[in-house]
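Report on one structure; see the data block that follows.
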Amino acid sequence: MTSDVAAAKPGIPRNPDAETLDPFHGVDFSKLERSLHRPRTFMSMLWTVIVSAMTLFALIPLFSVLWLLVWRGGRKLSIAAFTQLPPAPLEQSGGFGNAIVGTLAICGMALLISLPIGLLSAIFLAQAKPDNRLASSVRFAGKVLTGFPSILAGVFAYGVVVMATGGYSALAGAVALSILMLPTILLTSEDAIRMVPERMKEAAIGMGATDTQTVWMVLLPAAVPRILTGVMLAIARGAGETAPLLFTALFSSYWLLWHGHVKLMQPTASLAVLIYNFAGMPFANQVELAWAAALVLVVMVLIANLIGQSLANRQVQ
Amino acid sequence: MPTETQISKPPSRTQAITDTAFRALCQGFTWLVAVIAVIIVLKIVLAALPAVRQYGLGFLSGQVWDPNKKLYSILPEIWGTLYSSVLALIFGTAFGVAAALFLAEGFTADAVFALLKIVNLQFHPFWGKLPVQVENLLSNLIELLAAIPSVVYGLWGLFVIIPLVRPACHWLHADLGWIPLFGTDLSGPGMLPAVIVLSIMILPTITAIGRGALLAVPTRLRMAAYGLGATRWEAIFAVTLPTASRGIFGGIVLAFGRALGETMALAMLVGNANVISVSLFSPANTLAALLANAFPEASPKDVGVLMYAATVLLVITLLVNVAGAYIVQFTASELEGEKV
Chain A
1 MTSDVAAAKP GIPRNPDAET LDPFHGVDFS KLERSLHRPR TFMSMLWTVI
51 VSAMTLFALI PLFSVLWLLV WRGGRKLSIA AFTQLPPAPL EQSGGFGNAI
101 VGTLAICGMA LLISLPIGLL SAIFLAQAKP DNRLASSVRF AGKVLTGFPS
151 ILAGVFAYGV VVMATGGYSA LAGAVALSIL MLPTILLTSE DAIRMVPERM
201 KEAAIGMGAT DTQTVWMVLL PAAVPRILTG VMLAIARGAG ETAPLLFTAL
251 FSSYWLLWHG HVKLMQPTAS LAVLIYNFAG MPFANQVELA WAAALVLVVM
301 VLIANLIGQS LANRQVQ
Chain B
1001 MPTETQISKP PSRTQAITDT AFRALCQGFT WLVAVIAVII VLKIVLAALP
1051 AVRQYGLGFL SGQVWDPNKK LYSILPEIWG TLYSSVLALI FGTAFGVAAA
1101 LFLAEGFTAD AVFALLKIVN LQFHPFWGKL PVQVENLLSN LIELLAAIPS
1151 VVYGLWGLFV IIPLVRPACH WLHADLGWIP LFGTDLSGPG MLPAVIVLSI
1201 MILPTITAIG RGALLAVPTR LRMAAYGLGA TRWEAIFAVT LPTASRGIFG
1251 GIVLAFGRAL GETMALAMLV GNANVISVSL FSPANTLAAL LANAFPEASP
1301 KDVGVLMYAA TVLLVITLLV NVAGAYIVQF TASELEGEKV
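Chain order of the listed sequences is A and B.
Here the first sequence stands for residues 1 to 317, numbered as in my numbering.
Here the second sequence stands for residues 1001 to 1340, numbered as in my numbering.
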């Protein structure tokens, strides 16, 4: 039956020979194999090797930095480094306890300024309709501010706080850092609130909740891990910034807490500025302290980053 | 039996007032962010106005910076800012895009399975997720490059990069000194160490945004290229990269903005010399490094001049950042509908 049908169709031979049984007849398989002798596949392999090598090469600086921090910074690390004040030139001991306190204080104050502003406007942005002009322009301003040079934040804080109050202070440093933290907090919080499933919001509204109740009882509790991710990233960025502190918080060789008073309107030490100041000094002790301070700073920044990332991952699962 | 009012009821008067107040508060703070953004720009520009009136456009074209004679101009700094950023962008783009391709185009899976094949474990189901895990690990490591504070990079550059490149620079200057790029010798800080560190700092931006753009390319486009007989790299060069090019370009522009405004690494490594030179080994200066060095010691009269320099930096970075943010936003919305 089938052979009859086949016979009726012209062009298909009744007795199929090797040519029709083997659809790949006449194809030279060695031409299709990956081979270094063929320009097309050779180029492909060459590019793969180049790209892999470049990616690994790009990671060398990371490991070099971390290794040197542990090797050179770890040697100098001791209890004294955390509890003592920075040494004068040619002095042989000393530490950077006041700089750690200063960094934490300046970052904390910057967070106190930027968190309320960032979070409340993020709530507005997340609830705004897509055609809201204010929301879209603030969102765009936030994106542009993300790339705002940190030194210009320092220049701004200098003009607003230092010139107005007549002196360098921890507050001026905090204002500068808060400008750098604001866009991160604003944009990640908006994303976090938007990622809460729409049906949770609708359920709350269906129960008769006002917008405010929906935000505080449904949206924010669900979005908290991601918001905290943004906050931790902002802290990590703020703690590492040097340029805006150079001429706002300046530096100090004394404790922030002096005779029972917290001196927020005085020049204040920070780890980042200490590293910058000591790295350029011709004294071995100071350079070693700069490495140790860099190790402490990087560990602080990495811990903040890791907490932030683990919070973000927990939310995904 | 609960009545309807017990399950859901209209908001009470206090709740309604709280709601209105809170909404107004949120809107108020949003306005505040907008106002802050405007004030930042205005404050710097207005503080610069007296200096702009006094020095005019000659400030941008002269080459002298002498506080003692009250002579100020910033052409060397503008040149240094642009030159270092462009050079860093060349290195950063090459390595950043390579890493983005490696992380987005499945090369990690190849590498992982090639390694497993050596110990003959490639078919064990336990390793099924390994490529994805390695890919995430690598991209996190590259993002860590961005987390390290720039002052630490400066320290690293001073004590690692400069001693490392100095012998090579001596050799290049001695043997190939007739090429303008190698026209001077490296005597400590200079353009090349600064550019190397700067390109490491902008690489994560390019890789992260580039990887996102490559992953957003619809799979069917790649499959179509493979179906036509393209090798993997012919598909990448002819289909994937062109489709993702605008997103990658946006990332490069944003990285350029970062490079222009980067301060500490440059202040520590570039040499702070008022020189215009094409040579890679010559010391130079940038706008941000000038501000970082001159501001702490500035007398009130000099502050106006520095504000003028800050305004120039502000205008340059603002233009670049607005362009970058606009390109990235535009590309994201364009590809959104095409995801498979």
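Just so it is clear, CB atoms sit at the ideal spot from N, CA and C, and this is done for glycine as well.
Query: For MET1001/B, does the three-state DSSP call read helix, strand or coil?; Result: At MET1001/B, the pLDDT of 49 sits below 50, so the modelled position is not reliable; the number obtained from the coordinates is stated separately. Reduced to three states, the DSSP call for MET1001/B is coil.
Query: Cβ atoms of LEU1254/B and ILE1316/B: under 9 angstroms apart, would you say?; Result: no
Query: Once DSSP output is grouped into helix, strand and coil, what is the label at ALA1057/B?; Result: Rather than Ala, the amino acid found at residue 1057/B in this sequence is Leu. DSSP places LEU1057/B in coil when its eight states are reduced to three.
Query: Count the other C-beta atoms from every protein chain shown that fall within 10 angstroms of the C-beta of GLN213/A, then say buried if there are 16 or more, exposed otherwise.; Result: buried
Query: For TRP1233/B, return the contacting residues in chain A, with the cut-off set at a CB-CB distance below 7 angstroms.; Result: MET43, SER44 and TRP47
Query: Tell me whether ASP1019/B sits in a helix, a strand or coil according to DSSP, three-state version.; Result: helix
Query: Any beta-carbon of chain A closer than 9 angstroms to the one on PHE1107/B?; Result: yes
Query: By Cβ distance, which residues of its chain are closer than 6 angstroms to SER1199/B, with the 5 residues on each side in sequence left out?; Result: ALA1088, PHE1091 and GLY1092
Query: Tell me the start and end of each unbroken alpha helix (DSSP H) in the segment 124-150 of chain A that is at least 4 residues and wholly inside, in chain order.; Result: 133-146
Query: Taking the alpha carbon of VAL1343/B as the point to measure from, which residue in VAL65/A, VAL215/A and GLU91/A has its own alpha carbon closest?; Result: Absent from the model: residue 1343/B. The displayed extent of chain B is 1001 to 1340, so no value can be given.
Query: Do you know whose CA, among GLY308/A, TYR168/A, GLU288/A and ASN313/A, lies nearest LEU90/A's CA?; Result: GLU288/A
Query: Hey, is the segment 140-160 of chain A in contact with the segment 1311-1329 of chain B, meaning 3+ C-beta pairs nearer than 8 angstroms?; Result: yes
Query: With a threshold of 6 angstroms on Cβ separation, who are the neighbours of VAL175/A within its own chain once the five nearest residues in sequence on each side are excluded?; Result: ALA157 and VAL161
Query: Please report whether the beta-carbon of MET1223/B lies at a distance below 9 angstroms from any beta-carbon of chain A.; Result: no
Query: Report the partner residues of ASP1066/B according to the DSSP bridge assignment.; Result: LEU1071/B
Query: By DSSP's criteria, GLY1157/B is part of a beta bridge. Which residues make up the other side?; Result: Partner(s): none; GLY1157/B has no beta bridge.
Query: Opposite GLU1284/B in the DSSP bridges: which residues?; Result: Here residue 1284/B is Ala; the residue named in the question, Glu, does not match the sequence. Partner(s): GLY1271/B.
Query: Ignoring anything shorter than 4 residues, give me the alpha helix (DSSP H) runs that lie fully in the segment 155-229 of chain A, in order along the chain.; Result: 170-194 and 198-206
Query: So, are the CB atoms of ALA141/A and VAL1045/B less than 9 angstroms apart?; Result: no
Query: Going by DSSP in three states, ARG34/A sits in which element: helix, strand or coil?; Result: coil
Query: So is SER35/A buried or exposed if we call it buried at 16+ other beta carbons inside 10 Å?; Result: exposed
Query: Consider the Cβ of ALA1325/B: report whether some Cβ of chain A lies at a distance smaller than 9 angstroms.; Result: yes
Query: Give the straight-line distance between the Cα atoms of GLN1054/B and GLY166/A, rounded to the nearest whole angstrom.; Result: 25 angstroms
Query: Name the residue from GLY1251/B, ILE1017/B, MET1191/B and PHE1126/B whose alpha carbon lies nearest to the alpha carbon of ALA1325/B.; Result: GLY1251/B
Query: Assuming ILE60/A and LEU119/A make a contact with CB atoms under 8 angstroms, what is their CB distance in whole Å?; Result: About 39 angstroms; that fails the 8 angstroms criterion.
Query: For LEU1186/B, does the three-state DSSP call read helix, strand or coil?; Result: coil
Query: Kindly indicate which residue of MET1264/B, ARG1246/B and LEU1241/B has the alpha-carbon position closest to the one of PRO244/A.; Result: MET1264/B
Query: Could you tell me whether the segment 1146-1161 of chain B touches the segment 272-279 of chain A, where touching means 3 or more Cβ pairs closer than 8 angstroms?; Result: yes
Query: By the DSSP assignment, the alpha helix (DSSP H) with VAL1134/B in it spans what residues?; Result: 1130-1147
Query: Using a Cβ-Cβ cutoff of less than 7 angstroms, which residues in the same chain neighbour LEU1130/B once the five nearest sequence positions on both sides are dropped?; Result: VAL1112
Query: Check each candidate in LEU152/A, THR248/A, MET232/A and GLN84/A and name the one with the smallest Cα separation from VAL301/A.; Result: MET232/A
Query: Do VAL1097/B and ILE1327/B have their C-beta atoms closer together than 9 angstroms?; Result: no
Query: From GLY94/A to TRP291/A, what distance separates their C-alpha atoms?; Result: 13 angstroms
Query: Can you tell which of SER310/A, LEU297/A and LEU306/A has the C-alpha that lies nearest to the C-alpha of GLY74/A?; Result: LEU297/A
Query: Is there a C-beta anywhere in chain B that falls below 9 angstroms from the one on LYS143/A?; Result: yes
Query: I want to verify the contact list: residues of chain A whose CB lies under 7 angstroms from the CB of VAL1165/B, in sequence order.; Result: Within 7 angstroms Cβ-Cβ: nothing; VAL1165/B doesn't reach chain A, min ~13 angstroms.
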